[in-house]
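Below is one structure, written out as structure tokens; comments come after it.
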Amino acid sequence: MQAWLDTLVVLLILTNLRLVGSSRLFACVRTVAVQGLLLGLLPVLVQWNTLTWRPALLAAGSTFLKAGVFPWLLRRAVRDVGLRREVDPVVGYSTSLLITMGLLGVTLYLGQRLPPAGLFESQLMTPVAIFTILVGLFLIVARRTAVMQVLGYLAMENGIYAFGMALAVEEPVLVELGILLDVFMGVFVMGIAIFNISREFDHIDTDRLSVLKD
Amino acid sequence: MTVAAPILHVLTALVASPLLLGVIRRVKAWMSGRKGAPLLQSYYDIVRLLNKGAVYSRTTTWVFRAGPMVGLAAVLVALTLVPLGGVPALMRFQGDLVLFAALLGLLRFFYVLAALDTGSAFEGMGASREIQFSALAEPALLLGLAAMARTTHELSLSPMYDEISFDLVIAPSGAVMLVAVAFLIVFLTENSRLPIDDPNTHLELTMIHEVMVLDHSGPDLAFVEYTSALKLWVLGALLVGIAVPVRTDLWYLDLLAGVAGMFALAVVTGILESTMARLRLSRVPQFLVAAVVFSGLALVLVLR
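Below is the structure:
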């Protein structure tokens, strides 16, 4: 089953590109959900023959959170805000796509110089994990609306998760649970924050917040 | 491989390419519940135009008259360079894929010059848009060809397309499939099909390709129509070679599969045109950058 790992990794790259190139908030939320689903499939494919209960349950739990709960929370937030698309990003969409391609090139170059990691036959896994983290960071700086920044944060978490998978499949459950809990709290708080910002200021452009004075 | 196959492919393209336009129109008419023009309408149009006289504005020079002729010549040479699936091209040498892209560039260059030569503001606008969009579509084409060259370790179009097999197309890394998606977008852009340009529109403000040839008349316009039909075939052959990876050892089966693939592509184009809305002009570059990214991603995947 490891042959299909490459396909999964390429799909992961494509979801990242979609996230960077799309202006529709609902579509981006859905893309992050798909990304979570793909990452959930990852341990199943890697350990096809030696799958034990623990990683399977962990994968099921994280998939449930990433592909079910987070998108549900965010979709609610977007609906309540009444915003359908990011209108005026800091970096335009075409430029963003080209920058992302550049990032992919750099991470693949770096990935070749790193020692091959863990159980993976796929040479792509580590670089793409780093790539996903960078895409998340890029979204946080290059988009104005709070929703897109939260999505960037989630993409970053997905990257960290993939990185952990690439390095050590048998990572301690506590660490993984800790990260998941953090992210869950983060998204929860941010969802409420987005809602409150939009109720106070009737927009969720975070740039305006930096000129607030007390 | 017998020598008859490439010759037969070129002859088929010369005869059947206007029929592709007819098929696209028929599918669109059928999808919208109309009866539609006869399948052979493009042939009637070309013959009718050839029998007419041409009108030339006094402001135009020889450049305007040269445009359609150079365009037709360029696309005819491109036709001899392009393989159709397993059927090799009439002419093949190392690096002919660069010449192929350059010929399409030459065709576009002369159309643009002819459009600018008329001095009409609308034609200048169309020329500017045409150049802007094709400047984005060309890297997608070249990067995609580079990715294919790297996958198959061939630098000539014919052996390159001969190497493509079903296993290669559905390979786990999916690079060839990404190239096919990029080529589909290039195919739609270069032939001014719907998400980018509407071939049926008659509003100068929104036209791109069609506005450039507004001033051509008579035989010149017939040349332009025939050129666009051949261009449809040439670029379609690049896509069909990947999307229909039928490689038998019998050349007539390959040719048959290729031609069937071309007409299937025409039907798909018609369906796409009926179901998709046209992109806003400011959004088109983003769509084309996506094609570049697909090709670039494929190249990065096969380079590592």
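Going down the list, the protein sequences come from chains A and B. If you're matching positions, the first sequence starts at 362 in this note's numbering and goes up one per residue. If you're matching positions, the second sequence starts at 1183 in this note's numbering and goes up one per residue. By construction, the Cβ of each residue, glycine as well, lies at the ideal position given by its N, Cα and C atoms.
- Rounded to the nearest angstrom, the gap between the Cα atoms of K1234 (chain B) and L386 (chain A) is 55 angstroms.
- For G1400 (chain B), no Cβ of chain A is located within less than 8 angstroms of the residue's own Cβ.
- V1482 (chain B) has a beta carbon lying within less than 8 angstroms of a beta carbon in chain A.
- Contact between L1470 (chain B) and I1367 (chain B) holds: their C-beta atoms lie close to 7 angstroms from each other, under 8 angstroms.
- When the beta-carbon positions are compared, A394 (chain A) and A421 (chain A) stay at least 8 angstroms from each other.
- What Q484 (chain A) touches in chain B, judged by beta-carbon distance under 9 angstroms, is R1486, going in chain order.
- Annotation for K1413 (chain B): the continuous alpha helix (DSSP H) segment containing it runs 1400 to 1425.
- For the pair Y454 (chain A) and A388 (chain A), the Cα-to-Cα distance works out to about 15 angstroms.
- Shown here, R437 (chain A) sits in a helix according to DSSP, grouped into three states.
- Shown here, T461 (chain A) sits in a helix according to DSSP, grouped into three states.
- Of the residues B:M1359, B:R1290, B:V1426, the one whose Cα lies closest to the Cα of D1344 (chain B) is B:V1426.
- For chain B, the residues of the segment 433 to 457 of chain A that bring a beta carbon within less than 8 angstroms of one of its beta carbons are Y454, S455, in chain order.
- Ranked by Cα distance from R446 (chain A), the options A:V508, A:T424, A:I540 are led by A:V508.
- By the neighbour-count definition (other C-beta atoms within 10 Å, threshold 16), W1415 (chain B) is a buried residue.
- For P1467 (chain B), the chain A residues whose Cβ falls inside 7 angstroms of its Cβ are S455, in order along the chain.
- In the DSSP annotation of this structure, the continuous segment of the alpha helix (DSSP H) that includes D1278 (chain B) starts and ends at 1278 to 1299.
- Beta bridge pairing from DSSP links T1262 (chain B) with no other residue.
- Looking at B:G1267, B:A1219, B:V1192, B:S1456, the one whose alpha-carbon comes closest to that of V1428 (chain B) is B:G1267.
- Sequence-distant partners of V1449 (chain B) (beyond 5 residues in either direction) whose C-beta falls short of 6 angstroms from its own C-beta, in its chain, are V1209.
- The beta carbon of T1262 (chain B) lies closer than 7 angstroms to those of V1192, A1271, L1272, M1273 in the same chain, with the five residues before and after it left out.
- In the structure shown, R1230 (chain B) falls within a helical segment according to DSSP collapsed to helix, strand and coil.
- For V496 (chain A), no pairing in a beta bridge is given by DSSP.
- DSSP, read as helix, strand or coil, puts T506 (chain A) in strand.
- Chain A places a beta carbon closer than 8 angstroms to that of S1355 (chain B), counting this residue as a contact.
- Contact of I460 (chain A) with chain B by beta-carbon distance below 9 angstroms is absent, the smallest such distance being about 11 angstroms.
- Counting C-beta pairs closer than 8 angstroms gives fewer than three between the segment 1343 to 1359 of chain B and the segment 1368 to 1383 of chain B, which falls short of the contact rule.
- Within chain B, the C-beta atoms nearer than 9 angstroms to that of G382 (chain A) come from Q1468, V1471, A1472, V1475, in chain order.
- With a 10 Å radius around the Cβ and a threshold of 16 neighbouring Cβ atoms, Q473 (chain A) comes out exposed.
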